[in-house]
Amino acid sequence: MRKSTDLLFSYSSVIRDPFHRIYRKSGSKGVRLGFTLIEIVIVVAIISASFTIVTAVVRGNKKNAVLMECTQIAEAMNEYRINNGSYPANFQSFLQDPNYFKDKLTNPYGNGFGMIDNGTTITIYAEPLSNGISYTFTKSQMGVTH
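Read left to right, the sequence shown gives residues -5 to 140 (my numbering).
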């Protein structure tokens, strides 16, 4: 018959090592019952650091991809100016022109692209403008200058 104090194992069957890990006696070997707080903290720190690194890499790749698209648009606009004598009047229809863009332009942030023309410079940006990714070039006879 089982005693009420003998639920899983009695206290006399529990031993502790110098690192305060709890073991249950099992014949001549002890069976470990859990993790120490230090072990748990170390695992959480490793997972957090890994997540931070992966997040930074993904964000950096998105930003570089958008910047490359903006650069491609600027080069195509310069080619358009050379062929037609002026920059395109309608920016959105220019982005759909298969003569200048063989592949569809993609913005990893899910929106399109926009343009700001202030007379001397043109800024191509990835929408929304608040994400801060843009490419500005100066209108000149020689083409695109950075």
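Where a beta carbon is used, it is the ideal one built from N, C-alpha and C, also for glycine.
According to DSSP, is residue 95 helix, strand or coil?
-> coil
Cβ-Cβ distance between residue 101 and residue 69 below 8 Å = no
Spatial neighbours of residue 108 in its chain, beta-carbon cut-off 6 Å, leaving aside the 5 residues before and after = 119, 121
Give the straight-line distance between the Cα atoms of residue 46 and residue 92, rounded to the nearest whole angstrom.
-> 40 Å
C-alpha distance - residue 127 paired with residue 94, whole-angstrom precision | 22 Å
Does the distance from the CB of residue 133 to the CB of residue 117 come in under 8 Å?
-> no
Span of the alpha helix (DSSP H) holding residue 74?
-> 31 to 78
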